[in-house]
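Everything below concerns the one structure shown next.
There are 2 protein chains.
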Amino acid sequence: MNKEQIAASMRELQLFICEGLERVDGKARFSEDPWNREEGGGGFTRTIRNGDLLEKGGVAYSAVHGPVSDVMRNQLQLDGNTFFATGVSIVLHPHNPHVPIIHMNVRYFELDSGVYWFGGGIDLTPHYIIPEQAVLFHERLKNICDQFDADFYPKFKSWADDYFYIPHRKETRGIGGVFFDHLNNHPTLSKEELFRFCQLLGQSFPDIYAEQAEKGRHKPVSQAELEWRDLRRGRYVEFNLVNDRGTKFGLLSGGRTESILMSLPAVAHWEYNYQPAEGTSEAETLSLLSAPQNWL
Amino acid sequence: MNKEQIAASMRELQLFICEGLERVDGKARFSEDPWNREEGGGGFTRTIRNGDLLEKGGVAYSAVHGPVSDVMRNQLQLDGNTFFATGVSIVLHPHNPHVPIIHMNVRYFELDSGVYWFGGGIDLTPHYIIPEQAVLFHERLKNICDQFDADFYPKFKSWADDYFYIPHRKETRGIGGVFFDHLNNHPTLSKEELFRFCQLLGQSFPDIYAEQAEKGRHKPVSQAELEWRDLRRGRYVEFNLVNDRGTKFGLLSGGRTESILMSLPAVAHWEYNYQPAEGTSEAETLSLLSAPQNWL
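Chains as they are written, first to last, in my numbering: chain A, 9 to 304; chain B, 9 to 304.
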């Protein structure tokens, strides 16, 4: 399985996910924005806006290559002359605060030295945490992981807990999920099987999100709940711009800004020192974000 | 002039600025939030919300001290055991898009080794750039600088151009201003005079902002202009969270998050790949942001 085949499958995956999400949304369609990278390669950024379910979202595909830059060498400790990278990245912001924000990424990286690896992750950021839904989400992820390696879920769940954390807020970004990187040289799984794992995560994405969205999308919404949604989106912006290593590396290394920042919501709010009143569902959500939870 | 005297003057400066801004606003008053720092010192964060002119803003004072942490040693290359820092920081977000966002900071830093310096800056971020107003702003700053050292304005103006730049957008944050750091051991100015320079910048702040605000605060506003304001506020958020060294260092070194992030607007918007139509005042503003301008 060579890099061209993986890139072609990533592009297929992007289209599969967009079709699935258009069915889930039921109203809006994705627009496609093709772009080229001066140093080699390019991508197709697909975005959706003002759907029935989704207010703003993106499903980006890219396959880029070229010389390993100084930033890559220093920040990623890459030992090679040229690289190839391809993947699919998703962030979706729904209208209804009773539907979670979701993020997914699967990626493949290869150096001219022959070294390669897979990486990825999926995590859920509910505006209001409902423990049963968090359990369901983690069950789905564990089920996918367990088809490949029983160690994947516990290892990658804990990795997500470390990664999706906002130190300056002492909050997790949401209810976590799975995160993995440098996945290669597996004792029993071939390169094809490792890619199949990434692919299955991606292929499962529309159903996983549909299941989460269905439970909240028709719930009535108050002005106070919309305000809370926008404050939580503010936290999402903070994580992405201050903490997310992928975003920071992308912006620093001259990645395509609009594709990287398609992860930001249409609207975000900030209030100085906002504290929800005790006993409210907002306070309950905050308390569940104060530390990673073992949902299963 | 010792650190206690400088800290006391900084606190006075904060109160002077807040009184001035309350007069300019004409409706809202600042609330004061006192806080203590576990390792030593604390501050008074003053915020204003939903005024006649100002939608959201803060004027923060702090005086903190304690051991030089590893983060400080590595990031700031500080050579000392204990430090003392005091200063005033301001960010104001007006309602009306025809009034600029403004930022100011003056600070004093001292190590137990006896080394000390002053730092600071003031810069203006119009949602719509009006060249005459930009010129006026820079004239005011040059006039203050020239009372101390004729080299200050050109040097500090150029420093601001470097500092207030958003590389991933290839845009300046606004029309610049002045920025300086490690100001000490001046050939002709004493420590008292260097502090007097910082103080005069601060004392001039309410008048400088009043003059800028007066020209735009009563202009009628369309929905499209509000949308543009909120997109520009999105850029302001990007600069503060991705690029601003003060914010990044503050969050990383365990500074008080709510005081640091009082700089964020009440509302910010993002649109994928938004481009204003050619010939509009939005496009004109963008073109003036594409590189630092010599306003004088």
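C-beta atoms are modelled at their ideal positions from N, C-alpha and C, and glycine is treated no differently. Predicted model only: the values in this text are computed from it and were never measured.
Residues that residue i contacts on chain A, provided the C-beta gap is smaller than 7 Å
i        : result
Trp113/B : Reading off the sequence, residue 113/B comes out as Asn, not Trp. Simply none; closest approach about 18 Å.
Asp41/B  : Asn281
Pro273/B : Trp278
Leu62/B  : What Leu62/B touches in chain A: nothing, since even the nearest Cβ is about 13 Å away.
Three-state secondary structure (DSSP) of residue i
i        : result
Ser298/A : coil
Ile268/B : helix
Thr53/B  : strand
Asp189/B : strand
Ser39/A  : strand
Gly122/A : coil
His73/A  : strand
His135/A : coil
Lys223/B : coil
Tyr280/B : coil
Glu20/B  : helix
Thr255/B : helix
Pro146/A : Note on residue identity: the sequence assigns His, not Pro, to residue 146/A. Helix, per DSSP.
Met80/A  : helix
Gly128/B : strand
Thr293/A : helix
Ile216/A : helix
Ile183/B : coil
Asn248/B : helix
Asn151/A : helix
Ser261/A : coil
Trp303/B : coil
Gln141/B : helix
Gly287/A : coil
Leu29/B  : helix
Phe164/A : helix
Gln231/B : helix
Contact under 8 Å by Cβ, residue i with residue j
i        : j        : result
Glu305/A : Ile174/A : Any property of residue 305/A remains undetermined from this structure, which presents chain A solely from 9 to 304.
Asp238/A : Arg181/A : no
Gly128/A : Leu100/A : no
Leu149/B : Gly185/B : yes
Trp278/B : Ala36/A  : no
Ser39/A  : Ala68/A  : no
Tyr43/B  : Arg253/B : The question names Tyr, but residue 43/B in the sequence shown is Trp. Going by C-beta atoms, Trp43/B is not nearer than 8 Å to Arg253/B.
Trp236/A : Glu290/A : yes
Tyr280/A : Glu147/B : no
Trp303/A : Ile183/A : yes
Thr133/B : Arg115/B : no
Phe156/A : Phe203/A : no
Pro105/B : Val229/B : yes
Val32/B  : Pro214/B : yes
Val250/A : Leu249/B : yes
Glu179/B : Leu272/B : no
Phe24/B  : Gln211/B : yes
Gly137/A : Thr293/A : The displayed chain sequence assigns Ile, not Gly, to residue 137/A. Cβ distance < 8 Å, so Ile137/A and Thr293/A count as in contact.
Arg54/A  : Gln22/A  : yes
Phe188/A : Trp167/A : yes
Chain B contact residues for residue i, given Cβ-Cβ distances below 9 Å
i        : result
Tyr244/A : Simply none; closest approach about 11 Å.
Contact list for residue i against chain A, beta-carbon separation under 8 Å
i       : result
Met80/B : The contacting residues do not exist; Met80/B stays about 16 Å from chain A at best.
Partners in chain B for residue i, counting only beta-carbon separations shorter than 7 Å
i        : result
Asp159/A : By Cβ distance, chain B contributes nothing, its closest Cβ being about 33 Å from Asp159/A, past 7 Å.
Thr55/A  : Tyr280
Val250/A : Leu249 and Leu259
Contacts of residue i in chain B (Cβ-Cβ under 8 Å)
i        : result
Thr265/A : His176 and Arg177
Met270/A : Tyr280
Listed by chain order, chain A residues near residue i by CB distance under 9 Å
i       : result
Gly66/B : Tyr280
Residues sharing a beta bridge with residue i, DSSP
i        : result
His101/B : Lys64/B
Ala93/A  : Val72/A and Phe117/A
Val275/B : His277/A
Ile110/A : Leu100/A and Leu132/A
Tyr173/A : Thr180/A
Asn44/B  : Gly50/B
Minimum Cβ-Cβ distance from residue i to chain C less than 8 Å
i        : result
Gln231/B : Absent here is chain C; the protein component of the structure consists of chains A and B.
Quiz item: With a cut-off of 8 Å, do at least 3 Cβ pairs link the segment 155–162 of chain B to the segment 218–226 of chain B?
Solution: Taking 8 Å as the limit for Cβ pairs, the verdict is that the segment 218–226 of chain B does not touch the segment 155–162 of chain B.
Quiz item: With a cut-off of 8 Å, do at least 3 Cβ pairs link the segment 101–115 of chain A to the segment 76–86 of chain A?
Solution: Verdict: no, contact absent.
Quiz prompt | Three-pair Cβ contact test at 8 Å for the segment 87–104 of chain B versus the segment 116–124 of chain B | solution = As far as the Cβ criterion goes, the segment 87–104 of chain B touches the segment 116–124 of chain B, which means the pair count is three or higher.
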